[in-house]
Each structure stands twice: as C-alpha cells, then as structure tokens.
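Trainee: Keeping their order, the protein sequence lines are chains A and B.
Note that the first sequence ends on residue 390 in my numbering; no numbers are left out.
Note that the second sequence ends on residue 691 in my numbering; no numbers are left out.
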Amino acid sequence: YALQGSRWRVKELSYKIAKYPKNLDHGKVDVELAKAFQVWADQTDLTFVRKTKGQVHIEIRFEKGEHGDGDPFDGPGGTLAHAYFPVYGGDAHFDDAENWSIGSYRGTNLFQVAAHEFGHSLGLSHSDVKTALMAPFYRGYEPHFQLDVDDIQGIQALYGKKASKTPMSTGVKTTTTESSVPSGEDAELCNDASVDTVFRSAEGVTYAFKGDHYWKLTDDGIAAGYPKTISRSWQGLPGHIDAAFTYRNGKTYFFKGSQYWRYVGKKVDGDYPKQISDGFTGIPDNVDAAVVWSGNGKIYFFKGSKFWRFDPSQKPPVKSTYPKPLSNWEGIPDNLDAALQYTNGYTYFFKRGQYYRFNDRTFSVDTADPAFPRPAGYWWFGCK
Amino acid sequence: APVQSDTQAMIYLSQFGYLNPKVRNPSSGTIIAADTMKKAIIEFQAFAGLNITGELDRETAETMSLPRCGVRDKVGYASDSRSKR
C-alpha cells in the first residue's frame, strides 16, 4: 500500500451525494455508497454519516466530461472516477458516462469503484499489489468482494485498528470449544508423518491436518494438548481435508473433493461448503495441495503430475496454458500431500512423511546437508 | 482495444505520472528520448506487475487500456504512487 501523506483528524466523517448517476435508482445508490464506506469502517473506528444538505467532509458527484476541476472525464471506459485526498478535501467524482451497475457482471460495479475512491478520500494512494482494492485498475465485478490484507494494513496505518473488534479475527475470541483427543494419539504423527495438509493461519499459527485431527506446530514441534478434532474447532469442517491455505485477505480456505470452505480464524465465513468449480473456476476437484505465492498473490494448486495457477484478479483466473507439468518445479515429486509457503520465504512440499524445501531464487529444491527430502516427523513435528 | 501507438502510450504514461505531463498534449511537439520512454514503460510494467521488457508489448498495451481510477495528485494530474513503502 501507499499513503498519500494526509488523513482526517476526526473519526466521524460526513458525506453527501450532491449529484446522482443518471441510470440508477437514488435509493440503491445510497445503499451501495454506504456499503462502500462500510468497507473501511469495518477495519477502523471511522464512522460515516450521510447528509442530504449542508457542508460535509466528502462530497460525491456523478459528472460527465469537464466538470469544473480541470480534470475532465473521458466517456465510457478509460478513467472511471477520481477522488481527492483529505488535504485536498476528500471529494469523489464518478464519470457519469460509465454504465454504473449494482450486483451485475454487466457495466461497471458502483460499489467496488466507490470503495476504491473512498480509499483515496481517506488518504490511500494506489497500491502496487494487484489484488488490492487500491490497485488502480478496475478488475471487473467481484460478487464476493473482500478487502486485501494490503488495503487493511494501509487503512489501519492511517486510522488504527478497530477498537471494538478485529474482523481479521486476531484477538477475536472464538465461541467454538476446542477439545483434545486422548493423549498419545499424537504418536500417530510420529509413527507415520504423512499429513493431509499444512497451512498457516492469519495469526501466524502453523497447523497440520491429518484425518479427523489437527496439530498446532511450534518451533519445537507439536504444541502441548494436541491433536484435537478438526470438526470441534472449525465447526462444519470435515476431516480428511485435501488442501488449505490462508489468503492475503486473512481468510483460510479448505478444499475437499469437489467442495471448499472459507473460515475467518475458526469461524465459518458464510454459507459453506461451495463448489470448487464455482469459486475457483478452472481448478479441478480432489486437489493434492495448494499454496499462496507471497510474492505475487497467486494461488498454486497441485494434483497428480500437474499444477494450476489461479490469479483472483484475472478473468479467467486460470490461463488456458494450464495445467502445466509439475516437473517444471525442479525436484518436487508428483502426488504431493501438502504445500506451505513459510515466513522465511521458502516453500515446503510434503509427501509421504517427507518434505522438500523449494528455493524460489534457483526455482529448484535446495541442495543442503542433510539432503532433501528429509523426514518431516523429526524436522517439523519434533519426533525423536 | 489495446493502446495502439507510441503516441497513445506516451499520453497514458504522462497522464499517470510516468512521464513529464507536457507530453499529455501531443500537439505540444514534445519529443522524448527513446531511453526516457523505455524507462517510463519499465516503471509502469513494474507497478502493474507485468513482465519487465521496456517495450510496448501486447500485455503492456492491453493493461494501459484497462478501465482505471484517475485519482488526482497534488500537482494536478493523475498519477500512480511509485514511492517505496
């Protein structure tokens, strides 16, 4: 993210829609713009109050061509809108020559563009993270829109975190009860160190899933009190998960068979499961592993001897050149169990109780002593 | 349609802060050095997450044609922020 350099000094900001778009119902515009402000209010202690007359902090206008600020709009396409940073008044102008739409793949989605512009009104410049709302390019209608973690970090750098609750679930006390299974069952992981999936949560905790149980991993191996039962901690989530990852929006996605689930922390984030073919078009069912590449925000799925690259910001999200052979990843075997990009920048691949460390600089499995693959039980789970 | 000419690309790059804003008006007769144009294209490609070629290749031209925000900078013309975090 990038900060322009100015911000509002008050937490309650007023706005007024001084000129409505020609092609939309005024009441619906009111709702969409309120939702667009709420995107930012959800992450901070900012509140936004709509006024219909008088002076306000942020004035919103839908205009065509030259409209008095020396930066004329250019008709359909091209520039969609612009907004002023707090130090210049915070106003937001939208090109009324665009076909503004609500909840539709046709036209230009009003809510998404407004949320972007209000980011400028609050002091955010354009981000160079492609998946961020504050990236300068309109990426088409996203029915399940979410702020990127980059946007959240940006707005919280300006206005701080929300005091009452943290939507990323950090610090949110979960209501689900975690229950341990009888001790000694963790020996199962030492007897057979193969896993179904390994992932890191938004809070930075690494979990290993196997069958119906899961383990929390620490620098020293398995944390005390594990394994626990998956379905008792992540309510609604089955065992025997195929793959999992936490995306940049802080949400964790689990895949099994033809379905996937989305959680914030250990709380399900909506109506799940959903079909992989709906939410991850182009990705096959029954994947072996998945990993988010931190450098570019793309998601890599692995199955058998092939891999797919999923870019949520692109249409289609999977290019026609995929799947590609997994042999492109030098030294990584087919039929993986799990994959994880760790905080040290390395990507780790797991298969049948062993793991491989992949170096993205050489784009191959590291040469090291002892060599890879190494036993995951000893190195990851602290087994003797 | 993608940006189709160097002139269109020059206008775009100046409009969004990669080239001197005088280039916005092609009739101003501004001539820029090839390496200045290449540097501006490289900066744009880096910001937009494209392959860095320094050339107005198809991917770059298509990205320049995407609908986008035209947020105004303090000096009065739109620009992408290219400052480091």
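Even for Gly, the Cβ is constructed at its ideal location relative to N, Cα and C.
Here the structure is a predicted model, which is why all the values come from computation and not from measurement.
Quick one: Cα of T176(A) to Cα of A163(A), how far?
Mentor: Because the pLDDT of T176(A) is 28, which lies under 50, any placement of that residue in the model is unreliable, and the question is left without a value.
Trainee: Determine, using beta carbons only, whether F653(B) comes closer than 8 Å to chain A.
Mentor: Yes - at least one Cβ of chain A is within 8 Å of the one on F653(B).
Trainee: First and last residue of the beta strand (DSSP E) that includes F205(A)?
Mentor: Where F205(A) is concerned, the enclosing beta strand (DSSP E) stretches over 203–206.
Trainee: State yes or no: is the C-beta of D5(A) within less than 8 Å of the C-beta of Y7(A)?
Mentor: As displayed, chain A neither begins before 7 nor continues past 390, which places residue 5(A) out of reach and without an answer.
Trainee: Which of the three DSSP states is assigned to K179(A) in this structure?
Mentor: Here K179(A) scores only 23 on pLDDT, less than 50, and its place in the model is too uncertain to base an answer on.
Trainee: Return the residue from the list F124(A), F251(A), K262(A) that minimises the CA-CA distance to G245(A).
Mentor: Per the Cα distances, K262(A).
Trainee: Which residues, in order along the stretch 83–102 of chain A, keep a beta-carbon less than 8 Å from a beta-carbon of chain E?
Mentor: Absent from the structure: chain E. Protein chains present are A and B.
Trainee: Taking just the CA atoms, how far does I282(A) sit from P290(A)?
Mentor: Answer to the nearest angstrom: the Cα atoms are 7 Å apart.
Trainee: Spatial neighbours of A120(A) within its chain, please: C-beta separation below 6 Å, excluding the five flanking residues on both sides.
Mentor: L39, A42, listed in sequence order.
Trainee: With DSSP run on the structure shown, which of helix, strand or coil describes F261(A)?
Mentor: Of the three classes helix, strand and coil, the one that applies to F261(A) here is strand, per DSSP.
Trainee: At what residue ranges does the stretch 248–302 of chain A contain a whole run of the alpha helix (DSSP H), taking only runs of 4 or more?
Mentor: Runs of the alpha helix (DSSP H) inside the stretch 248–302 of chain A: 282–285.
Trainee: Would you call G71(A) buried or exposed, if buried means 16 or more other Cβ atoms sit within 10 Å of its Cβ?
Mentor: Classification of G71(A): exposed, given that the 10 Å Cβ count is below 16.
Trainee: Looking at chain B, which residues of the stretch 138–165 of chain A have a Cβ within less than 7 Å of any of its Cβ atoms?
Mentor: Listed by position, the residues of the stretch 138–165 of chain A near chain B (Cβ gap below 7 Å) are P142, F143, Y144.
Trainee: In or out: F79(A) buried (at least 16 other Cβ within 10 Å) or exposed?
Mentor: By the neighbour-count rule (16 or more Cβ atoms within 10 Å), F79(A) is buried.
Trainee: Is the shortest distance between the beta-carbon of L662(B) and the beta-carbons of chain A less than 8 Å?
Mentor: So no, L662(B) is outside the interface.
Trainee: Just the C-alpha distance for R664(B) and T203(A), rounded to the nearest angstrom, thanks.
Mentor: So the alpha carbons of these two residues sit roughly 39 Å apart.
Trainee: Which value, in whole angstroms, describes the spacing of the CA atoms of A141(A) and D36(A)?
Mentor: Rounded to the nearest angstrom, the two C-alpha atoms are 24 Å apart.
Trainee: Over what stretch of residues does the beta strand (DSSP E) that includes R56(A) continue unbroken?
Mentor: Element bounds for R56(A): 53–56.
Trainee: For the alpha helix (DSSP H) containing H219(A), name the first residue and the last one.
Mentor: Looking at the DSSP string, H219(A) is not in any alpha helix (DSSP H); the run it does join, the beta strand (DSSP E), is 219–224.
Trainee: In terms of residues, what are the limits of the beta strand (DSSP E) holding S20(A)?
Mentor: From DSSP, the beta strand (DSSP E) with S20(A) extends over 18–25.
Trainee: I want to know whether the stretch 334–342 of chain A touches the stretch 362–370 of chain A - three or more CB-CB distances under 8 Å.
Mentor: The answer is yes - the stretch 362–370 of chain A touches the stretch 334–342 of chain A, with three or more Cβ pairs under 8 Å.
Trainee: Beta-carbon of V677(B) versus every beta-carbon of chain A: anything under 8 Å?
Mentor: Yes, V677(B) lies at the interface with chain A (some Cβ there is under 8 Å from its Cβ).
Trainee: Would you check if the distance between the CB atom of Y361(A) and the CB atom of P379(A) is smaller than 8 Å?
Mentor: In this structure, P379(A) lies closer than 8 Å to Y361(A) by Cβ.
Trainee: Is I637(B) buried or exposed, if buried means 16 or more other CB atoms sit within 10 Å of its CB?
Mentor: Under this definition I637(B) is an exposed residue.
Trainee: Per DSSP, L9(A) is paired with what?
Mentor: Looking at the DSSP assignment, L9(A) forms a beta bridge with L130(A).
Trainee: Find the nearest neighbour of L52(A) within the set G33(A), F124(A), R112(A), judged by alpha-carbon distance.
Mentor: Of the candidates G33(A), F124(A), R112(A), the one whose C-alpha sits nearest the C-alpha of L52(A) is F124(A).
Trainee: Following the continuous beta strand (DSSP E) through N365(A), name the residue where it begins and the one where it ends.
Mentor: That run of the beta strand (DSSP E) goes 360–365.
Trainee: Would you give the residue range spanned by the beta strand (DSSP E) that I638(B) belongs to?
Mentor: Neither: I638(B) is in no beta strand (DSSP E) and is coded neither H nor E.
Trainee: For L625(B), would you say it is in contact with chain A, using Cβ-to-Cβ distances shorter than 8 Å as the test?
Mentor: By this cut-off, L625(B) is not an interface position.
Trainee: Considering only the alpha carbon of each residue, which of T50(A), W14(A), K57(A) lies closest to K25(A)?
Mentor: Closest option to K25(A), Cα to Cα, is K57(A).
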